[in-house]
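Chemist: Have a look at the structure that comes next, please.
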Amino acid sequence: MNKAYWEERYTSHKTGWNIGYVSTPLKVYFDQLEDKTLKILIPGAGNSYEAEYLWNNGFKNVYVLDFAKQPLDNFKNRLPEFPQSQLLNANFFELDDSFDLIIEQTFFCALNPSLRSNYVKQMLQLLKPTGKLVGLLFNIELTEVGPPFGGNISEYQALFKQVFKIKVLKPSINSIKERQGNELFFIFEIP
(Lines of atoms letter the chains of each structure in order from A; the text may use other names.)
(Lines give C-alpha, C1' and ligand atoms only; values in the text may rest on other atoms or scores of the structure.)
Protein backbone atom coordinates (compact mmCIF):
# COMPACT_ATOMS: atom_id res chain seq x y z
CA MET A 107 0.00 0.00 0.00
CA ASN A 108 2.50 2.53 -1.19
CA LYS A 109 1.93 5.89 -2.86
CA ALA A 110 1.22 4.28 -6.24
CA TYR A 111 -1.42 2.04 -4.65
CA TRP A 112 -3.30 5.03 -3.22
CA GLU A 113 -2.96 7.07 -6.42
CA GLU A 114 -4.49 4.19 -8.36
CA ARG A 115 -7.40 3.92 -5.90
CA TYR A 116 -8.28 7.57 -6.53
CA THR A 117 -7.80 7.56 -10.30
CA SER A 118 -9.94 4.42 -10.64
CA HIS A 119 -12.56 5.82 -8.20
CA LYS A 120 -12.16 2.90 -5.77
CA THR A 121 -12.85 5.11 -2.75
CA GLY A 122 -15.62 3.35 -0.83
CA TRP A 123 -14.65 5.23 2.33
CA ASN A 124 -15.51 8.56 0.72
CA ILE A 125 -19.01 9.56 1.91
CA GLY A 126 -18.98 12.92 0.11
CA TYR A 127 -19.60 15.12 3.16
CA VAL A 128 -18.33 15.69 6.69
CA SER A 129 -18.87 12.68 8.95
CA THR A 130 -21.68 13.39 11.43
CA PRO A 131 -19.79 12.53 14.64
CA LEU A 132 -16.94 14.83 13.62
CA LYS A 133 -19.30 17.61 12.56
CA VAL A 134 -20.93 17.49 16.00
CA TYR A 135 -17.48 17.67 17.63
CA PHE A 136 -16.36 20.54 15.37
CA ASP A 137 -19.50 22.50 16.17
CA GLN A 138 -18.46 22.50 19.83
CA LEU A 139 -15.02 23.98 19.17
CA GLU A 140 -14.79 27.66 20.06
CA ASP A 141 -11.12 28.44 19.35
CA LYS A 142 -10.91 29.02 15.60
CA THR A 143 -7.14 29.60 15.81
CA LEU A 144 -6.39 25.92 16.57
CA LYS A 145 -3.75 24.43 14.33
CA ILE A 146 -5.44 21.30 12.98
CA LEU A 147 -4.04 18.37 10.99
CA ILE A 148 -6.12 15.85 9.08
CA PRO A 149 -3.74 13.05 8.01
CA GLY A 150 -4.62 10.59 5.28
CA ALA A 151 -7.35 13.10 4.56
CA GLY A 152 -8.48 11.88 1.18
CA ASN A 153 -11.00 14.31 -0.30
CA SER A 154 -11.29 15.81 3.20
CA TYR A 155 -14.81 17.02 3.59
CA GLU A 156 -13.90 17.49 7.26
CA ALA A 157 -11.27 20.08 6.33
CA GLU A 158 -13.73 21.77 3.97
CA TYR A 159 -16.31 21.99 6.76
CA LEU A 160 -13.78 23.41 9.20
CA TRP A 161 -12.50 25.94 6.65
CA ASN A 162 -16.02 27.10 5.77
CA ASN A 163 -16.70 27.57 9.48
CA GLY A 164 -13.79 29.90 10.13
CA PHE A 165 -10.96 27.50 11.01
CA LYS A 166 -8.18 28.88 8.79
CA ASN A 167 -5.26 26.99 10.35
CA VAL A 168 -6.20 23.57 8.94
CA TYR A 169 -3.64 21.30 7.27
CA VAL A 170 -4.64 18.50 4.94
CA LEU A 171 -2.15 15.67 4.45
CA ASP A 172 -2.34 12.79 2.01
CA PHE A 173 0.15 10.41 0.43
CA ALA A 174 -1.77 10.60 -2.85
CA LYS A 175 -1.91 13.82 -4.88
CA GLN A 176 -5.29 13.24 -6.53
CA PRO A 177 -7.44 13.85 -3.42
CA LEU A 178 -5.50 17.03 -2.65
CA ASP A 179 -6.21 18.23 -6.20
CA ASN A 180 -9.89 17.34 -5.73
CA PHE A 181 -9.94 19.34 -2.50
CA LYS A 182 -8.21 22.34 -4.11
CA ASN A 183 -10.76 22.30 -6.95
CA ARG A 184 -13.58 22.49 -4.41
CA LEU A 185 -11.84 25.19 -2.32
CA PRO A 186 -9.56 27.20 -4.62
CA GLU A 187 -9.00 29.79 -1.86
CA PHE A 188 -7.47 27.18 0.47
CA PRO A 189 -3.73 27.92 0.91
CA GLN A 190 -1.51 25.61 -1.14
CA SER A 191 1.00 25.62 1.73
CA GLN A 192 -1.59 23.86 3.91
CA LEU A 193 -2.03 21.00 1.45
CA LEU A 194 0.64 18.47 2.32
CA ASN A 195 1.40 15.77 -0.25
CA ALA A 196 3.66 13.81 2.06
CA ASN A 197 4.25 10.67 4.07
CA PHE A 198 2.61 11.05 7.48
CA PHE A 199 5.49 9.25 9.18
CA GLU A 200 7.97 11.84 7.84
CA LEU A 201 6.01 14.94 8.85
CA ASP A 202 7.80 17.23 11.30
CA ASP A 203 5.48 19.89 12.73
CA SER A 204 3.22 20.41 15.75
CA PHE A 205 -0.56 20.72 16.06
CA ASP A 206 -3.19 21.51 18.65
CA LEU A 207 -5.64 19.00 17.23
CA ILE A 208 -5.30 16.02 14.92
CA ILE A 209 -8.41 14.51 13.36
CA GLU A 210 -8.59 10.79 12.65
CA GLN A 211 -11.03 9.81 9.90
CA THR A 212 -10.37 6.51 8.06
CA PHE A 213 -6.58 6.97 8.09
CA PHE A 214 -5.76 4.55 10.92
CA CYS A 215 -7.82 1.76 9.34
CA ALA A 216 -6.03 2.23 6.01
CA LEU A 217 -2.62 1.52 7.53
CA ASN A 218 -1.24 -1.98 7.74
CA PRO A 219 -1.69 -3.07 11.39
CA SER A 220 2.09 -3.52 11.65
CA LEU A 221 2.34 0.30 11.51
CA ARG A 222 -0.02 0.99 14.42
CA SER A 223 2.62 1.48 17.11
CA ASN A 224 4.48 3.84 14.73
CA TYR A 225 1.20 5.74 14.19
CA VAL A 226 0.83 6.24 17.95
CA LYS A 227 4.44 7.43 18.32
CA GLN A 228 4.12 9.84 15.39
CA MET A 229 0.85 11.27 16.74
CA LEU A 230 2.58 11.92 20.05
CA GLN A 231 5.43 13.68 18.22
CA LEU A 232 3.05 15.85 16.18
CA LEU A 233 0.84 17.02 19.03
CA LYS A 234 1.64 20.05 21.15
CA PRO A 235 1.80 19.36 24.93
CA THR A 236 -1.88 20.30 25.31
CA GLY A 237 -2.91 18.66 22.04
CA LYS A 238 -5.66 16.18 21.30
CA LEU A 239 -6.17 13.33 18.88
CA VAL A 240 -9.88 13.08 18.07
CA GLY A 241 -11.84 11.00 15.64
CA LEU A 242 -13.34 7.70 14.68
CA LEU A 243 -11.99 4.16 14.66
CA PHE A 244 -13.69 1.15 13.14
CA ASN A 245 -15.16 -1.31 15.60
CA ILE A 246 -14.98 -4.27 13.24
CA GLU A 247 -13.01 -7.49 13.22
CA LEU A 248 -9.33 -7.08 12.46
CA THR A 249 -8.68 -9.14 9.36
CA GLU A 250 -5.59 -9.89 7.31
CA VAL A 251 -7.33 -8.42 4.27
CA GLY A 252 -7.70 -4.68 4.02
CA PRO A 253 -7.97 -1.84 3.97
CA PRO A 254 -9.97 -1.22 5.98
CA PHE A 255 -8.30 -2.97 8.88
CA GLY A 256 -10.46 -3.08 11.99
CA GLY A 257 -10.07 -3.53 15.70
CA ASN A 258 -12.01 -3.24 18.93
CA ILE A 259 -12.09 -1.16 22.09
CA SER A 260 -9.77 -3.40 24.11
CA GLU A 261 -7.16 -3.47 21.32
CA TYR A 262 -7.30 0.31 20.94
CA GLN A 263 -7.09 0.86 24.70
CA ALA A 264 -4.02 -1.33 24.94
CA LEU A 265 -2.37 0.48 22.03
CA PHE A 266 -3.15 4.09 22.90
CA LYS A 267 -3.08 4.10 26.72
CA GLN A 268 0.68 3.63 26.59
CA VAL A 269 1.13 7.30 25.61
CA PHE A 270 -2.30 8.98 25.74
CA LYS A 271 -4.91 9.72 28.35
CA ILE A 272 -8.08 8.12 26.99
CA LYS A 273 -10.73 10.74 27.69
CA VAL A 274 -13.41 9.16 25.48
CA LEU A 275 -13.50 5.85 23.62
CA LYS A 276 -17.04 4.63 23.07
CA PRO A 277 -19.46 3.53 20.37
CA SER A 278 -20.47 6.45 18.18
CA ILE A 279 -24.15 7.24 18.65
CA ASN A 280 -24.48 9.41 15.54
CA SER A 281 -22.60 7.56 12.82
CA ILE A 282 -23.91 7.64 9.29
CA LYS A 283 -26.38 4.85 8.54
CA GLU A 284 -23.84 2.72 6.67
CA ARG A 285 -21.44 2.75 9.64
CA GLN A 286 -23.88 2.53 12.57
CA GLY A 287 -22.63 0.08 15.16
CA ASN A 288 -19.21 -0.10 13.51
CA GLU A 289 -17.54 3.12 14.71
CA LEU A 290 -16.00 4.27 17.95
CA PHE A 291 -15.68 7.98 18.74
CA PHE A 292 -12.59 8.91 20.71
CA ILE A 293 -10.74 11.81 22.32
CA PHE A 294 -7.15 11.07 23.37
CA GLU A 295 -5.07 13.66 25.22
CA ILE A 296 -1.42 13.95 26.15
CA PRO A 297 -1.20 13.26 29.91
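With positions in the sequence shown counted from 1, the corresponding number in the numbering used here is that position plus 106. Glycine included, each C-beta is placed from N, C-alpha and C at the ideal position.
What is the residue span of the beta strand (DSSP E) that E289 lies within?
Modeler: E289 to E295
Chemist: Tell me the rounded alpha-carbon separation between L144 and E247.
Modeler: 34 Å
Chemist: Is the stretch 196-208 in contact with the stretch 253-269, if contact means three or more CB pairs nearer than 8 Å?
Modeler: no
Chemist: Would the stretch 164-182 count as touching the stretch 226-236 if we require 3 or more Cβ pairs under 8 Å?
Modeler: no
Chemist: Are the CB atoms of P297 and K271 nearer to each other than 8 Å?
Modeler: yes
Chemist: Do P149 and S281 have their beta-carbon atoms positioned less than 8 Å apart in this structure?
Modeler: A distance of 8 Å or more separates the beta carbons of S281 and P149.
Chemist: I need the boundaries of the beta strand (DSSP E) containing N195, first residue and last residue.
Modeler: L193 to N195
Chemist: Check P219 in the structure and name its three-state DSSP category.
Modeler: P219 falls in the helix class under three-state DSSP.
Chemist: Any contact of the stretch 151-158 with the stretch 180-193, i.e. 3+ C-beta pairs under 8 Å?
Modeler: yes
Chemist: Excluding the five sequence neighbours on either side, which residues of its own chain have a C-beta within less than 6 Å of the C-beta of K142, listed in chain order?
Modeler: G164 and F165
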